[in-house]
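A.B. asks: In this text, residue positions in the sequence shown follow full-length UniProt numbering: the first is 1, and each later residue adds one. Encoded as structure tokens, here's the structure I'll be asking about.
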Amino acid sequence: MLQVKQLTFSYNDTPVLKDLSFQVKPGEHLSIIGESGSGKSTLLKVLYGEYDSLKGTIFWKEEEILGPKHNLVIGYNFMKYVAQEFDLMPFISVEENIGKFLSNFYPEEKQKRVAELIKVVELENVAKTKVKLLSGGQKQRVALARALAKQPEIILLDEPFSHIDNFKKQSLRRSVFKYLKENNIACVVATHDKEDVLGYADKMLVLNNHKIAVNNTPEYLYKNPETPLIAAFFGEFNVINNEIIYAHQIQVVEKSELKATVKHSYFKGNYYLVESIVDTKVVLFKSKEAFSLDTNVCLKISK
Ligand code: ADP
Ligand code: MG
Numbered sequence: 001m002l003q004v005k006q007l008t009f010s011y012n013d014t015p016v017l018k019d020l021s022f023q024v025k026p027g028e029h030l031s032i033i034g035e036s037g038s039g040k041s042t043l044l045k046v047l048y049g050e051y052d053s054l055k056g057t058i059f060w061k062e063e064e065i066l067g068p069k070h071n072l073v074i075g076y077n078f079m080k081y082v083a084q085e086f087d088l089m090p091f092i093s094v095e096e097n098i099g100k101f102l103s104n105f106y107p108e109e110k111q112k113r114v115a116e117l118i119k120v121v122e123l124e125n126v127a128k129t130k131v132k133l134l135s136g137g138q139k140q141r142v143a144l145a146r147a148l149a150k151q152p153e154i155i156l157l158d159e160p161f162s163h164i165d166n167f168k169k170q171s172l173r174r175s176v177f178k179y180l181k182e183n184n185i186a187c188v189v190a191t192h193d194k195e196d197v198l199g200y201a202d203k204m205l206v207l208n209n210h211k212i213a214v215n216n217t218p219e220y221l222y223k224n225p226e227t228p229l230i231a232a233f234f235g236e237f238n239v240i241n242n243e244i245i246y247a248h249q250i251q252v253v254e255k256s257e258l259k260a261t262v263k264h265s266y267f268k269g270n271y272y273l274v275e276s277i278v279d280t281k282v283v284l285f286k287s288k289e290a291f292s293l294d295t296n297v298c299l300k301i302s303k
């Protein structure tokens with residue numbers, strides 16, 4: 001189990017991470033979310049032992065994770081880290097990059113392992129291609145496969161699908177997260193994309209003001225968004241009478257006290273997001289149909 005206790009870190013005078021405590025069990029998936037600059041990448045780097053913490057401890061099972069002050073070489077065999085900026089070997093192929101740290105002693109096993117990982121990250125068609133010729137998204141997938149090559153017990157992923165286009169993202173996400181679960185590899189995933197979290201993460205930790213705002217299951221936090229920050233992560237919402245109401249919790253009805261005037265209908269695929277005005281305030285709701293400008297509608301909130 002990853003055990004983080006009262007972790008505090010700063011690059012200079014102002015702390016970036018203040019007094020963080022949390023755990024990740026073997027095979028568990030923890031998402032770290034928070035606004036840009038909230039310290040997600042920093043947290044992963046400190047967990048990996050890239051920096052010395054100011055205070056607190058980090059353990060994986062019995063082993064304490066220590067920073068460069070205590071370790072000549074950064075990192076541990078049981079833990080892998082895929083940074084937001086990945087460094088690969090540009091002049092060798094995808095296969096060779098992924099197999100880079102695997103032993104050549106059993107060439108057949110090595111080949112099988114590399115082929116398996118290439119399948120997980122869906123790079124079969126460029127296996128023999130030199131990495132320098134790949135797109136950013138393809139490189140990101142090579143970095144991911146290389147980190148998995150030696151079967152770590154825990155992997156730290158920093159926005160792992162950020163460079164990957166939408167055509168590929170969904171299936172790749174399923175493939176990678178399924179692989180991690182099947183192989184009981186714990187993962188800590190920094191992300192600002194709810195699609196990386198919903199359906200995959202066991203827990204979701206929200207960083208805000210250098211601290212852990214909440215740490216709970218995505219389902220619980222979705223149903224009980226305590227703050228606008230949490231609600232905003234999941235989608236469009238309103239604050240009505242100090243209560244957070246998601247756009248999908250408001251419907252158009254025949255008659256009600258809540259009267260709105262439509263200002264815009266945004267096509268969103270299987271629904272429209274409608275921007276309306278109630279008194280002087282903007283209210284967003286989802287609707288099957290679009291409404292033209294200044295249509296008057298009655299709304300009902302159903303939580
Ligand atoms: P996130 O990944 O959530 O966007 P970061 O961990 O990258 O956030 O950054 C957190 C804060 O630490 C930001 O204020 C950022 O400017 C600062 N920071 C990040 N890296 C460094 C560094 N190497 N030196 C000094 N400050 C840094
Ligand atoms: Mg970051």
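Glycine included, each C-beta is placed from N, C-alpha and C at the ideal position.
Apart from the five residues just before and just after H248, which ones in its own chain have a Cβ nearer than 6 Å to its Cβ?
C.D. replies: Excluding residues within five positions, the ones whose Cβ falls inside 6 Å are K286.
A.B. asks: Along the chain, where does the alpha helix (DSSP H) that runs through G136 open and close?
C.D. replies: From DSSP, the alpha helix (DSSP H) with G136 extends over G136 to L148.
A.B. asks: Would you check whether the ligand ADP has a heavy atom nearer than 7 Å to the C-beta of S53?
C.D. replies: No, the Cβ of S53 stays beyond 7 Å of every heavy atom of the ligand ADP.
A.B. asks: Give a single yes or no on whether K40 has its beta carbon closer than 7 Å to a heavy atom of the ligand MG.
C.D. replies: Indeed, a heavy atom of the ligand MG lies less than 7 Å from the Cβ.
A.B. asks: Using the rule of at least 16 other Cβ atoms within 10 Å of the residue's Cβ for burial, across every protein chain shown, is V189 buried or exposed?
C.D. replies: Classification of V189: buried, given that the 10 Å Cβ count is 16 or more.
A.B. asks: Which whole-angstrom value is the C-beta distance of V262 and D294, which I expect to be below 8 Å?
C.D. replies: Yes, they are in contact, since the Cβ atoms of V262 and D294 sit about 7 Å apart, within 8 Å.
A.B. asks: Could you check whether N97 and V126 sit closer than 8 Å to each other, using their CB atoms as the reference points?
C.D. replies: The answer is no: Cβ separation not under 8 Å.
A.B. asks: If you measure from the CB of D158, is any heavy atom of the ligand MG nearer than 7 Å?
C.D. replies: Checking every heavy atom of the ligand MG against the Cβ of D158, one is found closer than 7 Å.
A.B. asks: To test your reading of the DSSP string, which unbroken alpha helix (DSSP H) runs of 4 or more residues are found completely within the segment 22 to 69?
C.D. replies: List check, alpha helix (DSSP H) in window: 40 to 48.
A.B. asks: Tell me where the alpha helix (DSSP H) around A115 begins and ends.
C.D. replies: Residues P107 to V120.
A.B. asks: What did DSSP end up calling F233 once you bin it into helix, strand or coil?
C.D. replies: Residue state, collapsed to three classes: helix.
A.B. asks: Exposed or buried, which one is R174 when buried takes at least 16 other CB atoms within 10 Å?
C.D. replies: Per the 10 Å Cβ criterion, exposed.
A.B. asks: Only counting the same chain, and skipping five residues up and downstream in sequence, which positions put a Cβ closer than 6 Å to that of Y51?
C.D. replies: Once the five neighbours on either side are set aside, the close Cβ partners of Y51 are K45 and G67.
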